[in-house]
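A short worksheet on the structure shown next.
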Amino acid sequence: MIKVKDLHVYYGVIEAVKGVSFEVPEGKIISLIGSNGAGKTSTLNALLNRVKRKGEVIFSGFHTDKHKTHTLVQHGIALVPEGRRVFINLTVEENLRMGAFNNDENYEHLKEAMFELFPRIKEKRHQMGGTLSGGEQQMLAISRALMSEPKVLMLDEPSLGLAPKVIGEVFATIERLKKEGITILLVEQNAFAALKISDYAYVMENGHIVMEDVAASLVGNDEVRKKYLGG
1 MIKVKDLHVY
11 YGVIEAVKGV
21 SFEVPEGKII
31 SLIGSNGAGK
41 TSTLNALLNR
51 VKRKGEVIFS
61 GFHTDKHKTH
71 TLVQHGIALV
81 PEGRRVFINL
91 TVEENLRMGA
101 FNNDENYEHL
111 KEAMFELFPR
121 IKEKRHQMGG
131 TLSGGEQQML
141 AISRALMSEP
151 KVLMLDEPSL
161 GLAPKVIGEV
171 FATIERLKKE
181 GITILLVEQN
191 AFAALKISDY
201 AYVMENGHIV
211 MEDVAASLVG
221 NDEVRKKYLG
231 G
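For the sequence shown, the UniProt record's numbering gives the first residue as 1, with consecutive numbering after it.
As structure tokens, this is what we get:
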């Protein structure tokens with residue numbers, strides 16, 4: 001579904017991503033793992049043309065380099081950004097409507113689907129986004145992205161700052177979305193949690209992909225265990 005070839009990302013003269021290549025097959029959960037500053041977030045932003053980049057990104061057979069971010073969202077790529085970034089001065093329902101900016105005719109149906117997926121945000125639907133807990137904001141951020149009915153959902157550090165119980169709920173939801181046919185590209189510092197639900201994973205260091213394998217095999221890899229899984 002997504003093929004990335006020799007991707008470079010630049011911030012001025014600084015090269016944050018240095019020629020990475022990877023694939024995200026349809027219907028799979030693919031993870032990018034690695035320490036902070038490895039280039040994972042920059043890679044996600046490059047797939048939506050939110051940063052200066054070079055290289056080839058092919059999504060569902062077409063080249064994305066000349067498309068603006070909102071056009072790529074309309075074609076079926078959605079991003080849940082690091083830190084959630086919900087609209088704190090809008091209600092839960094208003095946040096969801098913002099996510100359906102290109103899909104307004106299906107808003108009511110999609111909203112009810114999100115309330116079924118996350119009953120907790122249904123209870124808070126009239127509250128401002130800024131009054132929600134971290135876990136509830138993450139549920140809202142995922143729901144807002146799903147309102148565009150994406151083919152590929154990219155999640156950037158969805159477990160960041162959440163309690164262990166809530167992390168379990170979020171990752172269970174990611175697995176459910178896969179079963180419903182959504183392809184997932186997951187960036188996550190919690191490598192064990194990511195690998196546990198992923199089909200395949202890439203390890204990034206200093207802007208490079210230094211290792212890749214079936215996720216279950218990486219869990220058993222000694223080097224990965226020492227660096228990213230706490231030994």
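Just so you know, even glycine gets a beta-carbon here, dropped at the ideal spot from N, CA and C.
For the alpha helix (DSSP H) containing residue i, name the first residue and the last one.
i: H70; result: 69 to 75
i: I167; result: 164 to 179
i: V224; result: 222 to 228
i: I142; result: 134 to 146
If you compare alpha carbons, which of the options is closest to residue i?
i: D6; options: G34, K28, A46; result: A46
i: S143; options: H70, N95, D156, Q189; result: N95
i: R176; options: S159, G161, I197, L162; result: I197
With residue i and residue j assumed to form a contact (beta carbons below 8 Å), what rounded beta-carbon distance in angstroms separates them?
i: M154; j: A100; result: Actually they are not in contact, since the Cβ atoms of M154 and A100 sit about 18 Å apart, beyond 8 Å.
i: I209; j: V9; result: The Cβ separation is near 13 Å, so there is no contact.
i: D213; j: L44; result: At roughly 21 Å, the Cβ-Cβ gap does not stay under 8 Å, so D213 and L44 are not in contact.
i: L72; j: L48; result: 5 Å
Check the DSSP bridge columns for residue i and list the partner residues they point to.
i: H208; result: E205
i: Y200; result: I30, V214
i: F59; result: I2, F62
i: R120; result: The partner list for R120 (beta bridge, DSSP) is empty, contrary to what the question assumes.
i: V187; result: L32, D156
i: K54; result: H8
How far does the beta strand (DSSP E) with residue i in it extend, from its first residue to its last?
i: H8; result: 2 to 11
i: D156; result: 152 to 156
i: E15; result: 14 to 24
Check whether the Cβ of residue i sits closer than 7 Å to any heavy atom of the ligand FAD, and report yes or no.
i: N190; result: In the structure on display, the ligand FAD does not appear, and there are no ligands present to speak of.
ask   = Should the region 30 to 43 be called in touch with the region 110 to 128, which here means at least 3 C-beta pairs below 8 Å?
value = They do not touch, by the three-pair rule.
task = Decide yes or no for the touch test of the region 163 to 176 against the region 121 to 139: beta carbon pairs closer than 8 Å, at least 3 of them.
result = Short answer: they touch.
task = Would you be able to state if there are at least three C-beta pairs under 8 Å between the region 79 to 95 and the region 52 to 62?
result = Flag = no, the region 52 to 62 and the region 79 to 95 do not touch.
At least three beta-carbon pairs within less than 8 Å, the region 176 to 193 to the region 9 to 18 = Contact fails: fewer than three Cβ-Cβ distances are below 8 Å.
message = Is it the case that the region 20 to 33 contacts the region 204 to 218, given that we only count it when at least three CB pairs across the two stretches are under 8 Å?
response = Between the region 204 to 218 and the region 20 to 33, the count of C-beta pairs closer than 8 Å reaches three or more; the two stretches touch.
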